[in-house]
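K.L.:
My questions all concern the structure below.
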Amino acid sequence: MKPILQVNNVVKKYGDKTALNNISLDIPQGSIFGLLGPNGAGKTSLIRIINQITFPDSGEILLDGEKLSPHHVKHIGYMPEERGLYKSMKVGEQALYLAQLKGISKDEAKKQLKYWFDKLEIGDWWNKKIQELSKGMAQKIQFVVTVLHQPKLLIFDEPFSGFDPVNANIIKDEILELKEKGSTIIFSTHRMESVEEMCDEIALIHKSNKLLDGSLVDIKKQFRSNTFDLGINALNPNQLKDFLNAKYQIEDTFFKSLDNELKLSVKLNDRSANELLNDVLPFGQVTHFSEKIPSINDIFIQTVTNN
Amino acid sequence: MGVLSLIIKREFISKVRNKSFIVMTFVSPIIFVAVAALIGYLSSMKTEVKHIGIHDESGMFVNEFKNSESYKYHNVSKIDPKLLKDSVSQANYEGVLFIPKKDNLKDYEKAIEYVSEDSPSLGFIANTESKLSEKLLRKNLTNQGVDTILLDKSKIDVTMHLTKASGEETVKGVNEIKIGVGAIFGYLIMMFIIIYGNMVMRSVIEEKTSRIIEIIISSIKPIQLMMGKIIGTTLAGILQFVIWAIVGVVLLVVANVLLGLNTSSPTTEMISKAPEYNQLLSNVTIIFMEIKKLPLLSMAVYFLIYFIGGYFLYSSLYAAIGAAVDNETDTQQFMFPVIMPLMLGVYIGFFTVMNEPHGTVATIFSMIPFTSPIVMLMRIPFGVPFYEIALSIALLFATFIAIVWVAAKIYRVGILMYGKKPTWKELIKWLKY
Numbered sequence: 411m412k413p414i415l416q417v418n419n420v421v422k423k424y425g426d427k428t429a430l431n432n433i434s435l436d437i438p439q440g441s442i443f444g445l446l447g448p449n450g451a452g453k454t455s456l457i458r459i460i461n462q463i464t465f466p467d468s469g470e471i472l473l474d475g476e477k478l479s480p481h482h483v484k485h486i487g488y489m490p491e492e493r494g495l496y497k498s499m500k501v502g503e504q505a506l507y508l509a510q511l512k513g514i515s516k517d518e519a520k521k522q523l524k525y526w527f528d529k530l531e532i533g534d535w536w537n538k539k540i541q542e543l544s545k546g547m548a549q550k551i552q553f554v555v556t557v558l559h560q561p562k563l564l565i566f567d568e569p570f571s572g573f574d575p576v577n578a579n580i581i582k583d584e585i586l587e588l589k590e591k592g593s594t595i596i597f598s599t600h601r602m603e604s605v606e607e608m609c610d611e612i613a614l615i616h617k618s619n620k621l622l623d624g625s626l627v628d629i630k631k632q633f634r635s636n637t638f639d640l641g642i643n644a645l646n647p648n649q650l651k652d653f654l655n656a657k658y659q660i661e662d663t664f665f666k667s668l669d670n671e672l673k674l675s676v677k678l679n680d681r682s683a684n685e686l687l688n689d690v691l692p693f694g695q696v697t698h699f700s701e702k703i704p705s706i707n708d709i710f711i712q713t714v715t716n717n
Numbered sequence: 567m568g569v570l571s572l573i574i575k576r577e578f579i580s581k582v583r584n585k586s587f588i589v590m591t592f593v594s595p596i597i598f599v600a601v602a603a604l605i606g607y608l609s610s611m612k613t614e615v616k617h618i619g620i621h622d623e624s625g626m627f628v629n630e631f632k633n634s635e636s637y638k639y640h641n642v643s644k645i646d647p648k649l650l651k652d653s654v655s656q657a658n659y660e661g662v663l664f665i666p667k668k669d670n671l672k673d674y675e676k677a678i679e680y681v682s683e684d685s686p687s688l689g690f691i692a693n694t695e696s697k698l699s700e701k702l703l704r705k706n707l708t709n710q711g712v713d714t715i716l717l718d719k720s721k722i723d724v725t726m727h728l729t730k731a732s733g734e735e736t737v738k739g740v741n742e743i744k745i746g747v748g749a750i751f752g753y754l755i756m757m758f759i760i761i762y763g764n765m766v767m768r769s770v771i772e773e774k775t776s777r778i779i780e781i782i783i784s785s786i787k788p789i790q791l792m793m794g795k796i797i798g799t800t801l802a803g804i805l806q807f808v809i810w811a812i813v814g815v816v817l818l819v820v821a822n823v824l825l826g827l828n829t830s831s832p833t834t835e836m837i838s839k840a841p842e843y844n845q846l847l848s849n850v851t852i853i854f855m856e857i858k859k860l861p862l863l864s865m866a867v868y869f870l871i872y873f874i875g876g877y878f879l880y881s882s883l884y885a886a887i888g889a890a891v892d893n894e895t896d897t898q899q900f901m902f903p904v905i906m907p908l909m910l911g912v913y914i915g916f917f918t919v920m921n922e923p924h925g926t927v928a929t930i931f932s933m934i935p936f937t938s939p940i941v942m943l944m945r946i947p948f949g950v951p952f953y954e955i956a957l958s959i960a961l962l963f964a965t966f967i968a969i970v971w972v973a974a975k976i977y978r979v980g981i982l983m984y985g986k987k988p989t990w991k992e993l994i995k996w997l998k999y
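Top to bottom, those sequences are chains A and B.
Using our numbering, the first residue of the first sequence is number 411, and each one after it goes up by one.
Using our numbering, the first residue of the second sequence is number 567, and each one after it goes up by one.
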C-alpha cells in the first residue's frame with residue numbers, strides 16, 4: 411500500500427546530544443503503526459517533528475508525497491502523552507477553540523463535536539470546566555479534541571494510559587473504527603499487548619537509531635526460531651530426552667496445561683516439524699505441539715538488549 | 567478568522583472573565599478614591615499647635631516672633647532657665663529658645679540656644695534662624711545710622727518674564743507641569759509593563775503546567791501563540807485602564823458633590839479673600855493654558871509609539887521567562903534583570919531629566935531601548951529635536967524585533983522543557999537549537 415507518511419533520513423540533535431540518527435520510515439495508508447522503543451529512545455522527538463513542533467536538522471518528511479508544511483496541520487491529529495487542557499475553560503468552548511486552531515470552521519466544529527459528544531455520551535459536559543471533571547473524563551475530551559477535525563493521520567502517544575479498562579476499551583474500539591473509515595494511526599506505546607492486538611506495522615527505535623521495522627507478521631517470521639513446544643505423557647521421560655538430545659536442541663519449558671506431562675521446547679535444527687512429531691509419537695501420548703511464536707515483548711527485549 | 571485573532575480573542579476573554587480581573591478593575595478605583603479622600607481629610611485637619619517658650623534676656627527679639635497656626639510663642643524671660651529646661655522635659659513646652667544678653671551683636675553668632683525634647687523640624691530651624699539674623703541685621707544697620715524704614719520703602723521686588731527664543735512667553739512653574747506630564751506618562755508605562763508583563767508570564771506558565779501547550783503548538787507556530795497572548799493581554803489591560811479612568815472620574819465627581827467641596831461658587835469666605843482667590847484663579851488658568859500649549863497631540867502619539875515598543879519589548883521577555891521555568895517561584899532569578907532597567911529609567915527620569923532635560927545622561931538613556939520609553943517620554947515635553955526622537959524610536963523598534971526573535975526562540979524550546987530549572991547558560995544554548 412502506498413505510504414501516507416514517509417520519513418526520510420531524519421537527523422535531530424539537541425546541542426551535542428543526538429535524538430534521532432538518520433531515521434527512515436514508511437507508514438502505509440490505512441494502517442495502525444506502532445512506534446516502539448524504551449524511554450528516551452527518540453519517539454517523542456520524531457512525533458514532534460511529524461507535528462511540526464520542532465524541525466529536523468536534516469532529512470525530510472513527506473505527507474501524501476508532499477513535503478511537510480504548515481497547511482498540513484489540519485490533516486494531523488495529535489494526542490500527546492502528557493495530556494493537558496485549559497483547566498478553567500469550558501469543555502465546549504475549549505474544543506471549539508482547538509478545532510478552529512486546526513483550521514476548520516466553527517459550524518463544522520460544532521457539528522463534529524455534537525457527533526462525538528453523543529457517541530461517547532458526554533453531551534452534558536459542554537458547560538463544565540475541565541477542572542470539574544475527573545481525570546478519565548478529561549481524557550475523553552482530549553480524545554475528542556484529537557479526532558474532531560477528521561484528520562487523515564492520527565498520532566497517539568500512549569493512548570491508553572490513564573484510562574480505566576472500560577474506557578480504554580471504548581477508546582480502542584473508536585480507534586479501530588477510525589481505521590476502518592480510512593484514517594492512518596501512529597501509536598507510540600509501551601503496552602505490548604495492545605501492539606499485538608492492534609498494530610499492522612511497527613518500528614523499533616532505540617538510542618536514536620531505528621533497529622527494525624516492517625509488518626508485524628514479517629517481523630515475527632524474521633524472529634521465528636523453528637522452536638516447538640512439546641507436551642507428552644512419556645512412559646520413560648529420560649529415554650525420550652536422551653533420544654531427542656542427539657537430533658535436536660531441547661530445554662525444559664513451561665506452558666499451561668491440565669496434565670502433569672513432560673514439557674519441552676525443541677529447536678528443530680533444519681529438520682521439519684513432522685519429523686519431530688514422528689520421532690516422539692512412539693514414546694507416549696502427545697498433549698501439546700505448537701510453534702513458539704515470538705511475542706512482540708520478546709522481540710522488543712531481545713533487540714534492545716542485543717544493541 | 568485567522569489563528570492570530572482566534573488566540574487574541576481567547577486570551578482577551580479568559581483575562582476579562584477572570585474573577586480577579588473583575589475585582590481588580592472595579593475595586594481599585596474605589597480604594598484609590600478612598601485613599602485620596604483619607605489623605606485629603608487628614609491634611610485638612612488642623613495640626614496640633616506647638617508651644618514655644620522664648621527666654622530673651624536682651625528683650626530685643628521676643629516681639630519678632632508672631633503666633634501662627636502651628637506655633638504659639640510665649641514670653642518666659644522672667645522665669646528661671648533651669649525651671650524652664652525642666653518644663654521642656656515635662657513637655658509643657660515643645661521647646662525653649664534661650665537668647666542671652668550680649669553687648670556686641672557679633673557675639674550672637676553662636677550664643678543662641680534652642681532646647682527641646684524632640685529634634686525640631688528643618689523648616690522651624692531655618693525660619694527661626696532667619697528671623698534672628700534679620701533682626702540682628704536691622705539692629706546693626708540702625709547702629710550704623712541707616713534708616714531701616716527707608717530701606718524697606720526702597721525695596722523693589724523683581725519678577726522675571728521667561729521668554730523662549732521663539733518669542734513665546736512662558737510662566738514660572740511650567741517646568742513642574744512638564745515634569746508632571748512626562749512623569750505620569752513614564753510611570754504609566756512602567757506600571758503597565760510590570761502588571762501586564764507578569765500576566766503574560768503567568769499565562770505562559772499556566773499553559774506549560776497544564777500541558778496544553780503541546781497540543782496548541784502542533785496546530786500553530788509558537789510565535790503566533792506568543793504574540794497572540796501578548797496582544798490579547800494588552801487589550802485586556804487597556805480595557806482595564808479605560809474602566810479605571812471612567813470609574814475614577816465618576817467617583818471623584820460623586821465624592822466632590824458628597825463632601826461639598828464645590829469650587830465653582832465662591833463662598834463668603836472666598837469673596838472676602840477675593841484678591842487671593844483671583845490670583846489663584848489666574849494661576850490655574852495659566853497652568854491650563856500651559857498644558858494646552860504643550861504639544862499634546864504629538865505627545866499622545868509618542869506615548870502610543872513608546873508604549874507599544876516598550877511594552878512589547880518587555881512582555882516578550884516576560885513570555886520567554888515564563889517559557890523557561892516550570893513554576894512561578896523559579897522566575898525570581900530572571901526577574902531582576904528585567905525590572906532593573908525599568909527602575910533605572912524611572913529614577914533617571916525623576917532625578918536627571920528634572921534638572922537637566924537635555925544633559926548627557928538623560929540623552930543617553932533616552933536612546934537605550936530598555937529605558938527610552940520612560941526617559942524619552944519625560945524629556946519630550948521639554949522639546950527634543952526630531953532626529954533624536956527618530957533615532958530613539960528606530961533603536962527601540964530594532965531592539966524590539968531582535969528581542970521578540972530571541973524570546974520566541976527561548977519560548978519555542980522552553981515550552982517543551984520540563985523538570986529542570988534552567989540557567990542563563992542554558993538559555994543561551996537554546997538559541998542555537
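Glycine included, every Cβ here is placed at the ideal spot set by N, Cα and C.
What does residue 795 (chain B) reach in chain A if we use C-beta pairs closer than 8 Å?
P.N.:
Position 229 of the second sequence, counted from the start, is the residue given in the question as residue 795 (chain B). In chain order: nothing, as chain A lies at least about 13 Å away.
K.L.:
Is residue 529 (chain A) close to chain B, meaning its C-beta is less than 8 Å from at least one C-beta of that chain?
P.N.:
Sequence index remark: in the first sequence, residue 529 (chain A) carries index 119 (1-based). Cβ-Cβ to chain B under 8 Å: no for residue 529 (chain A).
K.L.:
So is residue 572 (chain B) in contact with chain A if we call contact Cβ pairs under 8 Å?
P.N.:
Residue numbering aside, residue 572 (chain B) sits at position 6 when the second sequence is read from its first letter. So yes, residue 572 (chain B) belongs to the interface.
K.L.:
Alpha carbon to alpha carbon, how far is residue 541 (chain A) from residue 944 (chain B)?
P.N.:
Counting from 1 along the first sequence, the entry for residue 541 (chain A) is found at position 131. Counting from 1 along the second sequence, the entry for residue 944 (chain B) is found at position 378. In a straight line, the C-alpha of residue 541 (chain A) is about 47 Å away from that of residue 944 (chain B).
K.L.:
So, helix, strand or coil for residue 638 (chain A), using DSSP?
P.N.:
As a first step, residue 638 (chain A) is located in the first sequence; it is residue number 228 there, counting from the start. In the structure shown, residue 638 (chain A) sits in a strand (DSSP, three-state: E or B).
K.L.:
Mind the definition here: the segment 779-792 of chain B touches the segment 811-821 of chain B only if three or more C-beta pairs lie below 8 Å; say whether that holds.
P.N.:
no
K.L.:
Can you give the beta carbon distance from residue 495 (chain A) to residue 552 (chain A), rounded, assuming they're within the 8 Å contact cut?
P.N.:
The sequence position of residue 495 (chain A) within the first sequence is 85, counting from 1. The sequence position of residue 552 (chain A) within the first sequence is 142, counting from 1. That pair is a contact at about 7 Å.
K.L.:
Tell me, please, whether the CB atom of residue 528 (chain B) is closer than 8 Å to any CB atom in chain A?
P.N.:
Outside the shown range of chain B, which is 567 to 999, sits residue 528 (chain B), and nothing can be said about it.
K.L.:
Taking residue 966 (chain B) and residue 878 (chain B) to be in contact with their CB atoms under 8 Å, please state how far apart those CB atoms are, rounded to whole angstroms.
P.N.:
Taking the first residue of the second sequence as position 1, residue 966 (chain B) is located at position 400. Taking the first residue of the second sequence as position 1, residue 878 (chain B) is located at position 312. Yes, they are in contact, since the Cβ atoms of residue 966 (chain B) and residue 878 (chain B) sit about 6 Å apart, within 8 Å.
K.L.:
To be precise: take each residue of the segment 689-700 of chain A, compare its Cβ to all Cβ atoms of chain B, and keep it if any distance is under 9 Å. Which residues remain?
P.N.:
none
K.L.:
Indicate the three-state DSSP secondary structure (helix, strand or coil) for residue 611 (chain B) in the structure shown.
P.N.:
Counting from 1 along the second sequence, the entry for residue 611 (chain B) is found at position 45. It is coil, neither helix nor strand.
K.L.:
For residue 550 (chain A) and residue 693 (chain A), I'd like the C-alpha separation in whole angstroms.
P.N.:
Looking up residue 550 (chain A) in the first sequence gives position 140. Looking up residue 693 (chain A) in the first sequence gives position 283. Looking at the backbone, the Cα of residue 550 (chain A) and that of residue 693 (chain A) are separated by about 58 Å.
K.L.:
Can you name, in chain order, every residue of its own chain whose Cβ lies under 7 Å from the Cβ of residue 512 (chain A), other than the five neighbours on each side?
P.N.:
Walking along the first sequence from the start, residue 512 (chain A) turns up at place 102. Result list for residue 512 (chain A): 483, 484 and 559, in chain order.
K.L.:
Which runs of the alpha helix (DSSP H), 4 residues or longer, sit entirely within the segment 914-985 of chain B?
P.N.:
926-931, 938-945 and 952-980
K.L.:
Can you grab the Cα-Cα spacing for the pair residue 422 (chain A) / residue 995 (chain B), in whole Å?
P.N.:
Translated into the one-based positions of the first sequence, residue 422 (chain A) becomes position 12. Translated into the one-based positions of the second sequence, residue 995 (chain B) becomes position 429. Whole-angstrom Cα-Cα distance: 16 Å.
K.L.:
Using a Cβ-Cβ cutoff of 8 Å, what residues of the segment 492-512 of chain A are near chain B? List them in chain order.
P.N.:
492, 493, 494, 495, 496, 497, 498, 499, 507, 508, 510, 511 and 512
K.L.:
Please confirm if the segment 879-892 of chain B is in contact with the segment 763-770 of chain B, defined as three or more CB-CB distances below 8 Å between the two stretches.
P.N.:
yes
K.L.:
What three-state label does DSSP hand residue 700 (chain B) in the structure shown?
P.N.:
As a first step, residue 700 (chain B) must be located in the second sequence, where it is residue number 134. In the structure shown, residue 700 (chain B) sits in a helix (DSSP, three-state: H, G or I).
K.L.:
Determine the extent of the alpha helix (DSSP H) in which residue 647 (chain B) is found, giving its start and end residues.
P.N.:
Here the question's residue 647 (chain B) lines up with position 81 in the second sequence. That run of the alpha helix (DSSP H) goes 647-655.
K.L.:
Determine the DSSP secondary structure at residue 642 (chain B), reduced to helix, strand or coil.
P.N.:
In the second sequence, the residue the question calls residue 642 (chain B) occupies position 76. In the structure shown, residue 642 (chain B) sits in coil (DSSP, three-state: anything other than H, G, I, E or B).
K.L.:
Give the DSSP bridge partners of residue 430 (chain A), in chain order.
P.N.:
For the purposes of this step, residue 430 (chain A) is identified with residue 20 of the first sequence, where counting begins at 1. For residue 430 (chain A), which the question treats as bridged, DSSP gives the partners A:422.
K.L.:
Mind pulling the alpha helix (DSSP H) runs of 4 or more residues that sit fully within the segment 578-638 of chain B?
P.N.:
585-610
K.L.:
Answer yes or no: does any C-beta atom of chain A fall closer than 8 Å to that of residue 513 (chain B)?
P.N.:
Beyond the ends of chain B as shown, which are 567 and 999, falls residue 513 (chain B); an answer cannot be given.
K.L.:
Rank A:425, A:585, A:597 and A:516 by C-alpha distance to the C-alpha of residue 991 (chain B) and give the top, closest one.
P.N.:
On the second sequence, residue 991 (chain B) is found 425 positions in, with the first residue counted as 1. Answer by Cα proximity: A:425.
K.L.:
Mind reading off the beta-carbon distance from residue 958 (chain B) to residue 933 (chain B)? Whole number of angstroms is fine, and I expect it under 8 Å.
P.N.:
Here the question's residue 958 (chain B) lines up with position 392 in the second sequence. Here the question's residue 933 (chain B) lines up with position 367 in the second sequence. With a Cβ gap of about 5 Å, residue 958 (chain B) and residue 933 (chain B) count as contacting.
K.L.:
Mind checking if residue 525 (chain A) is an interface residue toward chain B, Cβ cutoff 8 Å exclusive?
P.N.:
Here residue 525 (chain A) refers to the residue found at position 115 when the first sequence is read from its first residue. For residue 525 (chain A), no Cβ of chain B is located within less than 8 Å of the residue's own Cβ.
K.L.:
From residue 752 (chain B) to residue 605 (chain B), what distance separates their C-alpha atoms?
P.N.:
As a working note, residue 752 (chain B) is residue 186 in the second sequence. As a working note, residue 605 (chain B) is residue 39 in the second sequence. The alpha-carbon of residue 752 (chain B) is positioned some 24 Å away from that of residue 605 (chain B).
K.L.:
What residues of chain A sit near residue 569 (chain B), judged by a beta carbon separation below 9 Å?
P.N.:
Here residue 569 (chain B) is taken as the residue at index 3 of the second sequence, counted from 1. Within 9 Å Cβ-Cβ: 510, 511 and 513.
K.L.:
What's the gap between the Cα of residue 836 (chain B) and the Cα of residue 823 (chain B)?
P.N.:
Working through the second sequence from its first residue, we reach residue 836 (chain B) at position 270. Working through the second sequence from its first residue, we reach residue 823 (chain B) at position 257. Caution is warranted here: a pLDDT of 45 is assigned to residue 836 (chain B), below 50, making its placement in the model unreliable, and the coordinate value is therefore given only provisionally. The straight-line gap from Cα to Cα measures roughly 19 Å.
K.L.:
Quick one: is residue 429 (chain A) near chain B, going by C-beta distance under 8 Å?
P.N.:
Taking the first sequence and counting its residues from 1, the one referred to as residue 429 (chain A) is at position 19. No, its Cβ sits nowhere closer than 8 Å to a Cβ of chain B.
K.L.:
Listing by chain order, which chain A residues have their CB less than 7 Å from the CB of residue 581 (chain B)?
P.N.:
For the purposes of this step, residue 581 (chain B) is taken as residue 15 along the second sequence, with counting starting at 1. By Cβ distance, chain A contributes nothing, its closest Cβ being about 11 Å from residue 581 (chain B), past 7 Å.
K.L.:
Taking C-alpha atoms, which residue in B:806, B:913 and B:649 lies nearest to residue 590 (chain B)?
P.N.:
As a working note, residue 590 (chain B) is residue 24 in the second sequence. Cα-wise, what sits closest to residue 590 (chain B) is B:806.
K.L.:
Which first and last residues belong to the beta strand (DSSP E) in which residue 567 (chain A) is found?
P.N.:
By one-based count along the first sequence, residue 567 (chain A) stands at place 157. First-last of the beta strand (DSSP E) with residue 567 (chain A): 563-567.
K.L.:
In the structure shown, what three-state DSSP assignment does residue 680 (chain B) receive?
P.N.:
Within the second sequence, the letter at position 114 stands for residue 680 (chain B). Strand.
K.L.:
Please list the segments of the beta strand (DSSP E) lying wholly inside the segment 565-643 of chain A, counting only runs of 3 or more residues, in order along the chain.
P.N.:
594-598, 611-616 and 619-625
K.L.:
Going along chain B, which residues have a C-beta under 9 Å from residue 488 (chain A)?
P.N.:
Position 78 of the first sequence, counted from the start, is the residue given in the question as residue 488 (chain A). Here the neighbours are 780, 781, 784 and 785.
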